[in-house]
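Visitor: Dropping a structure here in structure tokens format, bear with me for questions.
2 protein chains.
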Amino acid sequence: MNAEIIAVGSELLLGQIANTNAQFISARLAESGINVYHHSVVGDNEERLLQTLSHADKRSDLIIITGGLGPTKDDLTKETTADFLACGLSYDEESLKAIEQYFIQTGTTMTENNRKQALVLEDSTVFFNFHGMAPGMLKSSGDKSYLLLPGPPREMKPMLVDQVLPYLQHHKTENSSIHSKVMRFFGIGEADLESRIEDILSEQSNPTIAPLAEDGEVTLRVTARSSDLNEAEHLVDQMVRVIEDRVGDYCYGYDQNNLLQKLSLLLEHKKMTVSSAESLTGGLFSSELASIPGASNYLSGGITVYTDEAKKNVLGVEKDLLDQYGAVSRECAESMAQQIRIKFGSDVGISFTGVAGPGDYHGIAEGTVWIGVSLSSGYTASFTLTLKGDRNFKRISAVKYGIYSLIQLIEKDAGPLKV
Amino acid sequence: MNAEIIAVGSELLLGQIANTNAQFISARLAESGINVYHHSVVGDNEERLLQTLSHADKRSDLIIITGGLGPTKDDLTKETTADFLACGLSYDEESLKAIEQYFIQTGTTMTENNRKQALVLEDSTVFFNFHGMAPGMLKSSGDKSYLLLPGPPREMKPMLVDQVLPYLQHHKTENSSIHSKVMRFFGIGEADLESRIEDILSEQSNPTIAPLAEDGEVTLRVTARSSDLNEAEHLVDQMVRVIEDRVGDYCYGYDQNNLLQKLSLLLEHKKMTVSSAESLTGGLFSSELASIPGASNYLSGGITVYTDEAKKNVLGVEKDLLDQYGAVSRECAESMAQQIRIKFGSDVGISFTGVAGPGDYHGIAEGTVWIGVSLSSGYTASFTLTLKGDRNFKRISAVKYGIYSLIQLIEKDAGPLKV
Numbered sequence: 033m034n035a036e037i038i039a040v041g042s043e044l045l046l047g048q049i050a051n052t053n054a055q056f057i058s059a060r061l062a063e064s065g066i067n068v069y070h071h072s073v074v075g076d077n078e079e080r081l082l083q084t085l086s087h088a089d090k091r092s093d094l095i096i097i098t099g100g101l102g103p104t105k106d107d108l109t110k111e112t113t114a115d116f117l118a119c120g121l122s123y124d125e126e127s128l129k130a131i132e133q134y135f136i137q138t139g140t141t142m143t144e145n146n147r148k149q150a151l152v153l154e155d156s157t158v159f160f161n162f163h164g165m166a167p168g169m170l171k172s173s174g175d176k177s178y179l180l181l182p183g184p185p186r187e188m189k190p191m192l193v194d195q196v197l198p199y200l201q202h203h204k205t206e207n208s209s210i211h212s213k214v215m216r217f218f219g220i221g222e223a224d225l226e227s228r229i230e231d232i233l234s235e236q237s238n239p240t241i242a243p244l245a246e247d248g249e250v251t252l253r254v255t256a257r258s259s260d261l262n263e264a265e266h267l268v269d270q271m272v273r274v275i276e277d278r279v280g281d282y283c284y285g286y287d288q289n290n291l292l293q294k295l296s297l298l299l300e301h302k303k304m305t306v307s308s309a310e311s312l313t314g315g316l317f318s319s320e321l322a323s324i325p326g327a328s329n330y331l332s333g334g335i336t337v338y339t340d341e342a343k344k345n346v347l348g349v350e351k352d353l354l355d356q357y358g359a360v361s362r363e364c365a366e367s368m369a370q371q372i373r374i375k376f377g378s379d380v381g382i383s384f385t386g387v388a389g390p391g392d393y394h395g396i397a398e399g400t401v402w403i404g405v406s407l408s409s410g411y412t413a414s415f416t417l418t419l420k421g422d423r424n425f426k427r428i429s430a431v432k433y434g435i436y437s438l439i440q441l442i443e444k445d446a447g448p449l450k451v
Numbered sequence: 033m034n035a036e037i038i039a040v041g042s043e044l045l046l047g048q049i050a051n052t053n054a055q056f057i058s059a060r061l062a063e064s065g066i067n068v069y070h071h072s073v074v075g076d077n078e079e080r081l082l083q084t085l086s087h088a089d090k091r092s093d094l095i096i097i098t099g100g101l102g103p104t105k106d107d108l109t110k111e112t113t114a115d116f117l118a119c120g121l122s123y124d125e126e127s128l129k130a131i132e133q134y135f136i137q138t139g140t141t142m143t144e145n146n147r148k149q150a151l152v153l154e155d156s157t158v159f160f161n162f163h164g165m166a167p168g169m170l171k172s173s174g175d176k177s178y179l180l181l182p183g184p185p186r187e188m189k190p191m192l193v194d195q196v197l198p199y200l201q202h203h204k205t206e207n208s209s210i211h212s213k214v215m216r217f218f219g220i221g222e223a224d225l226e227s228r229i230e231d232i233l234s235e236q237s238n239p240t241i242a243p244l245a246e247d248g249e250v251t252l253r254v255t256a257r258s259s260d261l262n263e264a265e266h267l268v269d270q271m272v273r274v275i276e277d278r279v280g281d282y283c284y285g286y287d288q289n290n291l292l293q294k295l296s297l298l299l300e301h302k303k304m305t306v307s308s309a310e311s312l313t314g315g316l317f318s319s320e321l322a323s324i325p326g327a328s329n330y331l332s333g334g335i336t337v338y339t340d341e342a343k344k345n346v347l348g349v350e351k352d353l354l355d356q357y358g359a360v361s362r363e364c365a366e367s368m369a370q371q372i373r374i375k376f377g378s379d380v381g382i383s384f385t386g387v388a389g390p391g392d393y394h395g396i397a398e399g400t401v402w403i404g405v406s407l408s409s410g411y412t413a414s415f416t417l418t419l420k421g422d423r424n425f426k427r428i429s430a431v432k433y434g435i436y437s438l439i440q441l442i443e444k445d446a447g448p449l450k451v
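Which chain is which? The protein sequence lines are A and B, in order.
Numbering-wise (this note's numbering), the first sequence opens with residue 33 and increments by one.
Numbering-wise (this note's numbering), the second sequence opens with residue 33 and increments by one.
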């Protein structure tokens with residue numbers, strides 16, 4: 033099955049946003065064994081969209097169109113596709129009800145434009161939008177399939193992953209199974225990782241191995257194809273073990289369990305609570321933990337102490353210590369971790385202090401970071417990093433190193449801090 | 033002059049990277065008054081690239097192709113374009129010398145593949161690559177122009193900005209300038225905003241008006257064209273005033289100054305400090321503020337109080353108040369804002385409490401949010417919201433409402449809280 037992706041929206045042609053939808057959809061389809069041979073972008077313009085649909089219809093089996101399902105006048109994807117396929121539009125009752133309900137709940141006025149969002153191509157399979165208003169839909173026309181998805185990534189992504197892909201998997205006629213596993217690495221760069229498995233990478237065929245670096249983490253996706261799912265799984269497991277033999281020390285987890293999820297599961301499992309004292313990171317650590325449902329089970333809370341005053345007055349770091357060692361020091365990081373743990377009565381306290389930049393701070397180089405950890409057993413430790421990248425990349429990296437060190441610490445029952 | 037952008041590279045179709053080149057080129061062309069009506073992506077495949085060139089040649093004046101100029105076997109953009117235009121390839125001496133020089137300097141071996149990078153379309157204008165090896169080129173064919181640019185963004189961007197655009201500007205026959213302004217709105221949905229200016233939107237021609245919704249904010253980009261830049265600016269200003277007459281109450285700013293930047297500038301300008309007490313948002317407000325360089329001038333800090341215990345013990349919210357009204361209440365939000373302001377000695381305290389979900393909490397509906405504000409003058413206020421979307425969208429929305437309310441409050445010198 034060959035697919036192509038058409039993104040509709042003048043904001044893409046004006047360069048206001050990048051076509052990250054095409055990237056996301058392509059990656060998911062690749063994992064599902066569906067080839068993507070074309071991406072196109074057209075503006076909110078009927079004639080050009082019709083022309084693009086006509087090109088796509090001649091060369092692809094599955095035509096995926098994102099964007100232009102919204103309530104406004106320039107949203108014309110459904111109307112144009114209906115024209116092209118010579119089919120009608122009708123209201124999807126479930127979506128219409130949800131839209132009406134929203135306006136009742138929020139006490140705001142529903143316009144006719146909003147109703148329009150519930151219109152779908154006749155005789156299509158409808159995918160309810162759990163994160164917005166406009167539903168998605170899949171319409172068959174001859175031997176071609178047209179999939180319409182909403183444009184906002186936060187609506188499109190879960191709809192694709194949770195609804196559309198399982199539906200396609202269930203209905204696909206070819207007899208080929210695909211299995212893949214993501215290996216997650218931290219503390220090693222992409223180039224270094226790849227050079228250590230260069231021979232494996234250059235010989236890959238089935239399974240394939242796709243490296244990806246993102247926000248300081250590196251992943252390897254190992255994917256095998258076979259007519260038999262068990263065989264595909266076996267091929268993947270075999271390759272994962274080969275890679276682990278080389279670089280297993282840096283592999284902290286698999287599949288969807290990224291650093292943050294892994295820490296959450298660990299804390300939950302060990303019934304431990306954590307609190308954070310954040311200077312450099314400004315609340316990013318606690319905010320990241322709070323992004324996981326159920327965080328209140330293990331996140332006691334935290335204090336953002338952005339100034340020396342706050343470190344003394346709110347957190348209780350000693351004035352003498354600050355005067356002697358400064359805010360970006362082992363001593364300050366450890367004191368911050370101890371103070372926050374005691375203040376919140378949590379099992380673990382963690383602290384972040386450093387120089388995010390741009391520029392040095394009181395003679396300390398931009399990128400210098402200290403992370404402290406304190407346990408209720410009395411164990412206290414800290415480590416330092418020199419981080420590169422822009423201000424926010426440094427903050428994100430520091431949080432990841434903090435999470436990674438907590439995972440090491442908890443998994444080893446408060447053994448030595450490993451970074 | 034109408035342009036289109038063709039990106040060549042299988043890594044785009046596999047979803048390994050997003051097509052940020054198309055975004056960058058589009059934005060620069062829009063600024064130069066060149067319309068972009070199509071983006072396409074094709075893999076490193078001769079047949080499909082030929083087909084794409086043939087579509088482009090029928091509908092665009094300037095066809096921009098990025099990627100596939102490199103040394104490897106699958107780099108076939110130049111060869112395929114030469115085929116399509118029925119022209120030859122020849123070595124660009126300056127590029128060839130620079131490539132040879134590189135291998136002499138680094139003491140590495142130059143392969144025949146590397147020489148290939150210096151090949152250019154015959155009779156084209158060549159743009160030397162100051163950040164890599166493969167030069168760019170512009171080739172005229174009938175009334176069409178073909179622009180080939182290297183794929184790596186760090187080579188393509190400076191070549192486009194420093195060499196290609198000045199060249200096009202100098203040689204272009206039309207005399208047209210473009211000016212645009214982005215209007216930023218908050219507190220009004222995209223559909224509602226558009227329905228209030230529906231007549232303006234449906235009559236637009238010059239200036240054009242492009243709406244965009246993102247993360248709970250809505251923007252309108254107003255763009256005018258004229259042979260005279262002053263006239264284009266005048267047309268934009270006139271339209272902005274017409275729109276402001278209708279929906280100016282919701283317009284908080286212009287161009288690059290989003291909510292966060294606007295609040296930072298205001299706090300800096302008024303020399304005010306802020307601290308936050310965050311339950312629902314878990315530190316996201318302080319982390320967002322800390323993402324701006326210089327945040328230490330106005331961000332005193334904050335406390336994440338994720339549990340009732342922390343609200344009492346660390347922040348100092350009264351036990352009786354919590355018992356009587358609960359953590360998600362006007363009373364608790366206002367007490368949290370007061371306590372945090374006093375604790376940090378800041379000019380403003382802000383608080384966030386609510387039910388992020390999934391699921392209701394102690395009988396309070398998922399999505400219920402209370403935001404409290406306290407000023408050193410003694411003024412205290414709060415407001416409630418009902419937010420939709422997933423857990424993290426609710427947290428982001430709540431932070432944006434908080435930022436918006438602070439902007440209103442500070443701009444009006446602590447007048448009534450407006451949301």
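Cβ atoms here follow ideal geometry from the backbone N, Cα and C, with glycine treated the same way.
Because the structure is a prediction, the values reported are computed rather than measured.
Apart from the five residues on each side of it in sequence, which residues of its chain come closer than 8 Å, Cβ to Cβ, to L353 of chain B?
Guide: Indexing the second sequence from 1 puts residue 353 of chain B at position 321. Closer than 8 Å at the Cβ level, and outside the excluded window around L353 of chain B, lie E363, C364 and S367.
Visitor: Using 8 Å as the threshold, is the region 274-290 of chain A in touch with the region 218-229 of chain A, meaning 3 or more CB pairs across them?
Guide: Touching, yes.
Visitor: DSSP three-state call for K13 of chain A: helix, strand or coil?
Guide: Because chain A spans 33 through 451 in this model, residue 13 of chain A falls outside it and cannot be assessed.
Visitor: Pull up the distance between the alpha-carbon of K450 of chain A and that of G348 of chain A, whole angstroms please.
Guide: The sequence position of residue 450 of chain A within the first sequence is 418, counting from 1. The sequence position of residue 348 of chain A within the first sequence is 316, counting from 1. Caution applies to K450 of chain A, whose pLDDT of 46 falls short of 50 and renders its modelled position unreliable; the value that the coordinates give is listed next. Approximately 28 Å between the Cα atoms of the pair.
Visitor: Within the same chain, show all residues whose beta-carbon is closer than 7 Å to that of N320 of chain B, passing over the 5 residues directly before and after it, in chain order.
Guide: Working through the second sequence from its first residue, we reach residue 320 of chain B at position 288. Reading off the sequence shown, one finds Glu at residue 320 of chain B, where the question assumed Asn. L292 and V431.
Visitor: Is there at least one Cβ from chain A nearer than 8 Å to T385 of chain B's Cβ?
Guide: Counting from one through the second sequence, the residue named residue 385 of chain B turns up at place 353. With 8 Å as the cut-off, T385 of chain B does not count as an interface residue toward chain A.
Visitor: Kindly indicate which residue of A:D340, A:A369 and A:N345 has the alpha-carbon position closest to the one of Q356 of chain A.
Guide: Numbered from its first residue, the first sequence carries residue 356 of chain A at position 324. When each option's Cα is compared against that of Q356 of chain A, the closest is A:D340.
Visitor: Excluding the 5 residues flanking L267 of chain B on each side, which residues of the same chain have their C-beta closer than 6 Å to its C-beta?
Guide: Taking the second sequence and counting its residues from 1, one reaches residue 267 of chain B at position 235. For L267 of chain B, where only same-chain residues beyond five positions count, the Cβ hits under 6 Å are P239 and A256.
Visitor: With a 10 Å radius around its C-beta and 16 neighbouring C-beta atoms as the bar for buried, classify A223 of chain A as buried or exposed.
Guide: Start at 1 with the first residue of the first sequence, and residue 223 of chain A comes out as number 191. Flag for A223 of chain A reads exposed.
Visitor: Does any residue of chain B bring its CB to less than 8 Å from the CB of R257 of chain A?
Guide: In the first sequence, residue 257 of chain A corresponds to position 225, counting from 1. Not closer than 8 Å to any Cβ of chain B, the Cβ of R257 of chain A fails to qualify, so no.
Visitor: May I ask you to list, following chain order, the residues of the region 145-172 of chain A that have a beta carbon less than 7 Å from some beta carbon of chain B?
Guide: So the list reads N145, N146 and H163, given in the order they occur along the chain.
Visitor: Could you check whether the region 416-427 of chain B touches the region 269-279 of chain B, counting it as contact only if at least three pairs of C-beta atoms, one from each stretch, sit closer than 8 Å?
Guide: Contact fails: fewer than three Cβ-Cβ distances are below 8 Å.
Visitor: Check whether chain A comes within 8 Å of G453 of chain B, counting only Cβ atoms and requiring the distance to be less than that.
Guide: The question about residue 453 of chain B has no answer, for chain B in this structure spans 33 to 451.
Visitor: Using 8 Å as the threshold, is the C-beta distance between F160 of chain B and E126 of chain B below it?
Guide: For the purposes of this step, residue 160 of chain B is taken as residue 128 along the second sequence, with counting starting at 1. For the purposes of this step, residue 126 of chain B is taken as residue 94 along the second sequence, with counting starting at 1. In this structure, E126 of chain B lies closer than 8 Å to F160 of chain B by Cβ.
Visitor: How many Å lie between A130 of chain A and Q149 of chain A at the Cα?
Guide: Numbered from 1 along the first sequence, position 98 holds the residue referred to as residue 130 of chain A. Numbered from 1 along the first sequence, position 117 holds the residue referred to as residue 149 of chain A. Approximately 11 Å, taken between the alpha carbons.
Visitor: Do we get a CB-CB distance below 8 Å when we pair I374 of chain B with the residues of chain A?
Guide: Here residue 374 of chain B is taken as the residue at index 342 of the second sequence, counted from 1. Not an interface residue.
Visitor: Counting only Cβ-Cβ distances shorter than 8 Å, please list the residues of the region 206-239 of chain B near chain A, keeping chain order.
Guide: Listed by position, the residues of the region 206-239 of chain B near chain A (Cβ gap below 8 Å) are G221, E222, A223, D224, E226, S227, E230, L233 and S234.
Visitor: So that I know if they touch, is there some Cβ in chain A lying closer than 8 Å to that of I335 of chain B?
Guide: Here residue 335 of chain B refers to the residue found at position 303 of the second sequence. Chain A, which has a Cβ nearer than 8 Å to the Cβ of I335 of chain B, makes this yes.
Visitor: Quick one: list the residues of chain A neighbouring I49 of chain B, beta-carbon separation under 8 Å, in chain order.
Guide: By 1-based counting over the second sequence, the position of residue 49 of chain B is 17. Those are Q55, listed as they occur along chain A.
Visitor: Per DSSP, which residues does E310 of chain A bridge with? Please list them.
Guide: As a position in the first sequence, residue 310 of chain A is number 278, starting the count at 1. Bridge partners of E310 of chain A: A:T336 and A:F384.
Visitor: Closest by CA to K303 of chain B, which one among B:E246, B:P325, B:S378 and B:Q270?
Guide: Numbered from its first residue, the second sequence carries residue 303 of chain B at position 271. Out of B:E246, B:P325, B:S378 and B:Q270, B:S378 has the C-alpha closest to the C-alpha of K303 of chain B.
Visitor: Anything in chain B within Cβ reach of K105 of chain A, meaning under 9 Å, just list it in chain order.
Guide: On the first sequence, position 73 is the one that residue 105 of chain A refers to. Correct list: E226, E230, L233 and S234.
Visitor: Against P185 of chain B, what residues of chain A qualify as contacts under a CB-to-CB distance less than 9 Å, listed in chain order?
Guide: Reading the second sequence from its first residue, position 153 is the one you call residue 185 of chain B. Neighbours of P185 of chain B on chain A: none; closest Cβ ~11 Å, over 9 Å.
Visitor: Should Y338 of chain B be flagged as near chain A, meaning a C-beta pair shorter than 8 Å?
Guide: Sequence index remark: in the second sequence, residue 338 of chain B carries index 306 (1-based). Judged by the 8 Å Cβ criterion, Y338 of chain B is in contact with chain A.
Visitor: Would the beta-carbon of S42 of chain A fall within 8 Å of that of G248 of chain A?
Guide: In the first sequence, the residue the question calls residue 42 of chain A occupies position 10. In the first sequence, the residue the question calls residue 248 of chain A occupies position 216. Against a cut-off of 8 Å, the Cβ pair of G248 of chain A and S42 of chain A comes out as no contact.
Visitor: With the cut-off set at 8 Å, would you say I37 of chain B and V68 of chain B are in Cβ contact?
Guide: Against the second sequence, residue 37 of chain B aligns to sequence position 5. Against the second sequence, residue 68 of chain B aligns to sequence position 36. Cβ distance < 8 Å, so I37 of chain B and V68 of chain B count as in contact.
Visitor: How many angstroms separate the CA atom of K351 of chain B from the CA atom of N345 of chain B?
Guide: If you number the second sequence from 1, residue 351 of chain B lands on position 319. If you number the second sequence from 1, residue 345 of chain B lands on position 313. So the alpha carbons of these two residues sit roughly 9 Å apart.
Visitor: Would you say A359 of chain A reaches chain B, if we count a Cβ-Cβ gap shorter than 8 Å as a contact?
Guide: Start at 1 with the first residue of the first sequence, and residue 359 of chain A comes out as number 327. Not an interface residue.
Visitor: Please state whether DSSP places L85 of chain A in a helix, a strand or coil.
Guide: As a position in the first sequence, residue 85 of chain A is number 53, starting the count at 1. Three-state DSSP puts L85 of chain A in a helix.
Visitor: Beta carbon of D287 of chain B, beta carbon of V214 of chain B: below 8 Å?
Guide: Stepping through the second sequence from its first residue, residue 287 of chain B is reached at position 255. Stepping through the second sequence from its first residue, residue 214 of chain B is reached at position 182. A contact, by the Cβ cut-off of 8 Å.
Visitor: Roughly how many angstroms separate the alpha carbons of E263 of chain A and Q270 of chain A, rounded to a whole number?
Guide: In the first sequence, counting from the first residue as 1, residue 263 of chain A sits at position 231. In the first sequence, counting from the first residue as 1, residue 270 of chain A sits at position 238. Straight-line Cα distance between these residues: approximately 11 Å.
Visitor: Please tell me whether S319 of chain A has its Cβ less than 8 Å away from any Cβ of chain B.
Guide: Locating residue 319 of chain A in the first sequence gives position 287, where the first residue counts as 1. It does: the Cβ of S319 of chain A has a partner Cβ on chain B nearer than 8 Å.
Visitor: Could you check where the beta strand (DSSP E) with N34 of chain A kicks off and where it finishes?
Guide: Taking the first sequence and counting its residues from 1, one reaches residue 34 of chain A at position 2. Per DSSP, N34 of chain A belongs to the beta strand (DSSP E) from N34 to V40.
Visitor: Determine the chain A residues that contact R26 of chain B at a beta-carbon separation under 9 Å, and present them in chain order.
Guide: In the structure as shown, chain B starts at 33 and stops at 451, and residue 26 of chain B therefore has no counterpart that could be examined.
Visitor: Which term fits S361 of chain A, buried or exposed, when burial requires 16 or more other beta carbons within 10 angstroms of its beta carbon?
Guide: Along the first sequence, one-based indexing puts residue 361 of chain A at 329. S361 of chain A should be labelled buried.
Visitor: Whole angstroms are fine: how far does the CA of P243 of chain B sit from the CA of H70 of chain B?
Guide: The residue given as residue 70 of chain B occupies position 38 in the second sequence. The residue given as residue 243 of chain B occupies position 211 in the second sequence. Approximately 19 Å, taken between the alpha carbons.
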